Amino acid sequence: MSKVEEVNKQLHEIFSSENLKKDNFFRELVEKDSEGWVPIKKMSMIKRFKQILEGDLSLFEQAVTISPESFEINEAKTHVRCIKKAEEEQEQNDDKKDKNNNRQSNTEKIMNHIENLTQRSIYAKGFSIDSPPSEQELKEFYGKFGRVLSLKLRREGDKKYEGAFKGSIFVEFESQEIAEQVVKEATEYNDQELLTMLKGDYIEMKKREKYQDQTFEYQEFNKRHRYLLEYTNGKDLLFSDIKKIVKEITPTGRVEKLKEEGTGVLEIFDMTPEEFLTKLGDQNPNGIQFMLCSAEARKHFKDCQINTFKHHNGKGSFRGKKRPFGGKQEKKPQEDNNKRSRTVIEVKSSKQ
Numbered sequence: 043m044s045k046v047e048e049v050n051k052q053l054h055e056i057f058s059s060e061n062l063k064k065d066n067f068f069r070e071l072v073e074k075d076s077e078g079w080v081p082i083k084k085m086s087m088i089k090r091f092k093q094i095l096e097g098d099l100s101l102f103e104q105a106v107t108i109s110p111e112s113f114e115i116n117e118a119k120t121h122v123r124c125i126k127k128a129e130e131e132q133e134q135n136d137d138k139k140d141k142n143n144n145r146q147s148n149t150e151k152i153m154n155h156i157e158n159l160t161q162r163s164i165y166a167k168g169f170s171i172d173s174p175p176s177e178q179e180l181k182e183f184y185g186k187f188g189r190v191l192s193l194k195l196r197r198e199g200d201k202k203y204e205g206a207f208k209g210s211i212f213v214e215f216e217s218q219e220i221a222e223q224v225v226k227e228a229t230e231y232n233d234q235e236l237l238t239m240l241k242g243d244y245i246e247m248k249k250r251e252k253y254q255d256q257t258f259e260y261q262e263f264n265k266r267h268r269y270l271l272e273y274t275n276g277k278d279l280l281f282s283d284i285k286k287i288v289k290e291i292t293p294t295g296r297v298e299k300l301k302e303e304g305t306g307v308l309e310i311f312d313m314t315p316e317e318f319l320t321k322l323g324d325q326n327p328n329g330i331q332f333m334l335c336s337a338e339a340r341k342h343f344k345d346c347q348i349n350t351f352k353h354h355n356g357k358g359s360f361r362g363k364k365r366p367f368g369g370k371q372e373k374k375p376q377e378d379n380n381k382r383s384r385t386v387i388e389v390k391s392s393k394q
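Heads up, the sequence shown is in my numbering, so the first residue is 43 and it goes up one at a time.
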C-alpha cells in the first residue's frame with residue numbers, strides 16, 4: 043500500500059463515527075470549526091499520520107483526491123474536512139426538524155380537536171336542584187335540536203354520580219351549528235329560565251375568573267394519539283373491509299362492534315375524526331356511514347379494551363372460539379395488535 047493510500051485509510055478511520063465518539067482530542071478539532079474544517083498542520087502531528095507523512099503534507103491533498111466523495115481540501119491547501127460527516131450531520135438536523143414539525147403538527151391537531159369539541163358543546167345552568175331532571179329527560183329535551191353525543195350532569199365533589207346536582211350541565215352535540223342554535227333557543231326548561239352558553243365561552247370565563255391575566259404554555263403531545271369513529275350500515279362487511287375503506291384516508295387500529303347489528307367503533311390515527319369526516323365528504327363507501335362517536339360508544343370501546351386486556355392476561359386468547367358479527371369480526375393480523383402507545387383522546391360519532 044502506498045503512502046497516499048495509507049493516509050486515505052487513516053482519514054476514513056479518524057473521521058469515522060466510532061472514532062469521534064472516543065477520540066476527544068480529534069472530535070474537539072472537528073467541532074472547533076462550524077463547517078468541520080481541520081488544520082492539516084495539526085493533523086500531521088497526530089501519531090497515525092506523523093509516522094506516514096515524514097513531513098510531506100502534500101500527501102493529504104493526494105489522499106483526498108482518491109475519495110472526493112468523502113473528503114475535501116480547501117483552496118489554500120491548509121485544511122481538510124469530511125464531506126460525509128457534514129452530510130450526515132445535515133441529515134440528522136433535517137430529521138430533528140421533521141420530528142419537531144411532526145410533534146408540533148400532532149399538538150396542533152389535538153388542540154384543534156379539543157377546540158372543536160368545546161365549540162360544539164354547551165353549558166346550561168338553572169335546572170331545579172330540588173327535583174332534578176333525569177339524564178334521559180334532558181336528552182329528549184335537547185335531542186329536539188339535533189343529535190346529542192354526550193350529556194353530563196354537574197355534581198358537587200369528586201364523586202361522579204354521588205354528589206348533589208349543581209343545577210348545571212354540559213351537553214355535546216354533533217356540530218357547532220346545533221350548539222349555537224341551542225344557545226339561542228333553549229332558554230327555558232319546565233318554566234325555569236336557563237343561562238346557556240357555548241362550553242368554550244364558559245371555559246374562557248372561568249379561566250379569567252380564576253387565573254385573571256396569567257399566561258399558559260401548552261404541553262406538547264409526543265405520543266401517537268388515537269381517535270374514535272362510530273359507523274353504521276356495516277352489516278354485510280367484515281371488519282377488514284371497513285378498515286380497508288378507512289385506511290385509504292388514514293391509518294386504523296382496532297374495531298369493536300356495538301349492540302345494534304352493523305354498527306361499531308373504529309380507532310384511527312394521525313387524523314382527527316373531524317378531519318376524517320371532512321375529507322370523506324358525502325361519500326358512503328359500500329353504504330357504510332361514519333360519524334362522530336357518542337359517549338356510550340366510547341365507553342363501550344374502552345370497556346372492550348379492558349376486557350380484552352384482562353382476557354389475554356388471564357385465561358388466554360380467543361383461539362378456537364366463535365367471534366360475533368357487527369361488521370363481521372375476523373382474526374386480527376399482527377399489525378393490529380395493541381402495540382402502540384395510546385394516549386386516548388376520544389371523539390364521538392353518530393347516526394344522523
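Virtual Cβ for every residue (Gly too), placed ideally from N, Cα, C.
Everything numeric in this text was worked out from a predicted model, so none of it was measured.
- Message: In the DSSP assignment, the alpha helix (DSSP H) including Gly-329 goes from what residue to what residue?
- Response: The residue labelled residue 329 in the question sits at position 287 within the sequence shown. It is not in any alpha helix (DSSP H) - Gly-329 carries neither H nor E in the DSSP assignment.
- Message: With a threshold of 6 Å on Cβ separation, who are the neighbours of Arg-305 within its own chain once the five nearest residues in sequence on each side are excluded?
- Response: As a working mapping, residue 305 is identified with position 263 in the sequence shown. It is Thr, not Arg, that sits at residue 305 in the sequence shown. If we look at Thr-305 and ignore the five residues flanking it on each side, its Cβ neighbours are Thr-274.
- Counterpart residues of Ile-164 in DSSP-defined beta bridges: For the purposes of this step, residue 164 is identified with residue 122 of the sequence shown, where counting begins at 1. According to DSSP, Ile-164 bridges with Val-213 and Leu-240.
- Measure from the alpha carbon of Leu-193 to the alpha carbon of each residue in Gly-199, Gly-205, Arg-162 and Gln-223, then state which is nearest. For the purposes of this step, residue 193 is taken as residue 151 along the sequence shown, with counting starting at 1. With distances taken between Cα atoms, Leu-193 lies closest to Arg-162.
- Item | Alpha-carbon to alpha-carbon, Phe-67 and Glu-103 | Your numbering for residue 103 matches position 61 in the sequence shown. Your numbering for residue 67 matches position 25 in the sequence shown. About 22 Å.
- Task: Return the CA-CA distance between Glu-290 and Val-72, expressed in angstroms with no decimal places.
- Result: Along the sequence shown, one-based indexing puts residue 290 at 248. Along the sequence shown, one-based indexing puts residue 72 at 30. Roughly 48 Å between the two C-alpha positions.
- Check Glu-177 in the structure and name its three-state DSSP category. Reading the sequence shown from its first residue, position 135 is the one you call residue 177. Looking at Glu-177 - three-state DSSP - the assignment turns out to be helix.
- Item | Alpha-carbon to alpha-carbon, Asn-328 and Phe-215 | Reading the sequence shown from its first residue, position 173 is the one you call residue 215. Reading the sequence shown from its first residue, position 286 is the one you call residue 328. Rounded to the nearest angstrom, the two C-alpha atoms are 27 Å apart.
- Message: For Ser-336, count the other beta carbons within 10 Å of its own beta carbon; 16 or more makes it buried, fewer makes it exposed. Which is it?
- Response: Within the sequence shown, numbered from 1, the residue matching residue 336 stands at position 294. Residue burial is scored here from C-beta neighbours: Ser-336 has at least 16 other C-beta atoms within 10 angstroms and is therefore classed as buried.
- Taking Arg-196 as part of the beta strand (DSSP E), name the residues at either end of that continuous run. Start at 1 with the first residue of the sequence shown, and residue 196 comes out as number 154. Start and end: 190–197.
- Item | Boundaries of the beta strand (DSSP E) in which Glu-317 is found, first to last residue | For the purposes of this step, residue 317 is taken as residue 275 along the sequence shown, with counting starting at 1. Unbroken run through Glu-317 is the alpha helix (DSSP H), 315–322; no beta strand (DSSP E).
- Identify which residue in Glu-114, Trp-79, Lys-119 and Glu-204 has its Cα closest to the Cα of Asp-98. As a first step, residue 98 is located in the sequence shown; it is residue number 56 there, counting from the start. Cα-wise, what sits closest to Asp-98 is Lys-119.
- Query: What residue from Glu-219, Ser-217, Val-213 and Val-46 has the CA that sits closest to Thr-238's CA?
  - Reply: Mapped onto the sequence shown, residue 238 falls at position 196. Here the closest residue by C-alpha is Val-213.
- How should Phe-351 be labelled, buried or exposed, when 16 other C-beta atoms within 10 angstroms of its C-beta is the threshold for buried? Residue numbering aside, residue 351 sits at position 309 when the sequence shown is read from its first letter. Label assigned to Phe-351: exposed.
- Message: I need the DSSP call for Thr-292, collapsed to helix, strand or coil.
- Response: By 1-based counting over the sequence shown, the position of residue 292 is 250. In the structure shown, Thr-292 adopts coil according to DSSP, grouped into three states.
- If we count Cβ pairs, one from each stretch, closer than 8 Å, do we get three or more for the stretch 230–247 versus the stretch 267–283? no
- Arg-69 to Lys-63 span [Cα, whole Å]: The sequence position of residue 69 within the sequence shown is 27, counting from 1. The sequence position of residue 63 within the sequence shown is 21, counting from 1. Distance between the alpha carbons of Arg-69 and Lys-63 is about 8 Å.
- Query: Which residues in the same chain as Lys-277 place their Cβ atom closer than 6 Å to its Cβ, once the five residues preceding and following it in sequence are excluded?
  - Reply: Numbered from 1 along the sequence shown, position 235 holds the residue referred to as residue 277. Excluding positions up to five away in sequence, the list reads Glu-303 and Gly-304.
- Message: Taking the alpha-carbon of Phe-113 as reference, which of Lys-89, Glu-55, Gln-93 and Lys-83 has the nearest alpha-carbon?
- Response: For the purposes of this step, residue 113 is identified with residue 71 of the sequence shown, where counting begins at 1. Taking only the C-alpha atoms, the option nearest Phe-113 is Glu-55.
- Would you mind working out which of Ile-220, Tyr-244 and Leu-191 sits nearest Ser-210, comparing C-alpha positions? What you label residue 210 is simply residue 168 of the sequence shown in a count that begins at 1. Nearest of Ile-220, Tyr-244 and Leu-191 to Ser-210, Cα basis: Tyr-244.
- Under three-state DSSP, which class holds Thr-107? As a position in the sequence shown, residue 107 is number 65, starting the count at 1. Helix at Thr-107.
- Query: Do the stretch 218–238 and the stretch 332–346 meet, that is, are 3 or more Cβ pairs less than 8 Å apart?
  - Reply: no
- Item | Phe-187 (DSSP reduced to helix, strand or coil) | Start at 1 with the first residue of the sequence shown, and residue 187 comes out as number 145. DSSP places Phe-187 in coil when its eight states are reduced to three.
- So what does DSSP say about Ile-88, is it helix, strand or coil? Within the sequence shown, numbered from 1, the residue matching residue 88 stands at position 46. Three-state DSSP puts Ile-88 in coil, outside helix and strand.
- 8 Å contact criterion, which Glu-48 and Ile-94 should meet: CB distance rounded: Along the sequence shown, read from residue 1 onward, the residue named residue 48 stands at position 6. Along the sequence shown, read from residue 1 onward, the residue named residue 94 stands at position 52. With 8 Å as the limit, Glu-48 and Ile-94 qualify as a contact, their Cβ atoms being about 5 Å apart.
- Message: Taking its Cβ as the centre, do 16 or more other Cβ atoms sit within 10 Å of Pro-110, making it buried, or is it exposed?
- Response: Here residue 110 refers to the residue found at position 68 when the sequence shown is read from its first residue. So Pro-110 ends up on the exposed side.
- Distance, Cα to Cα, Glu-96 vs Asn-50? Translated into the one-based positions of the sequence shown, residue 96 becomes position 54. Translated into the one-based positions of the sequence shown, residue 50 becomes position 8. Spanning the two alpha carbons is a distance of roughly 15 Å.
- Kindly identify the DSSP beta-bridge partner or partners of Glu-272. Indexing the sequence shown from 1 puts residue 272 at position 230. Per DSSP, Val-307 and Met-333.
- Task: Consult DSSP for Gln-52 and reduce its assignment to one of helix, strand or coil.
- Result: Taking the first residue of the sequence shown as 1, we reach residue 52 at position 10. Helix.
- Query: Would the beta-carbon of Phe-207 fall within 8 Å of that of Ile-164?
  - Reply: Sequence index remark: in the sequence shown, residue 207 carries index 165 (1-based). Sequence index remark: in the sequence shown, residue 164 carries index 122 (1-based). Contact flag unset, no.
- Query: What residue from Gln-325, Arg-90, Ile-88 and Ile-115 has the CA that sits closest to Ser-100's CA?
  - Reply: Here residue 100 corresponds to residue number 58 of the sequence shown, with the count starting at 1. That would be Ile-115, whose Cα lies nearest to the Cα of Ser-100.
- How many whole angstroms separate the CB atoms of Leu-270 and Val-307, which I take to be in contact at a CB cut-off of 8 Å? Your numbering for residue 270 matches position 228 in the sequence shown. Your numbering for residue 307 matches position 265 in the sequence shown. Rounded, the Cβ-Cβ distance is 6 Å, consistent with contact.
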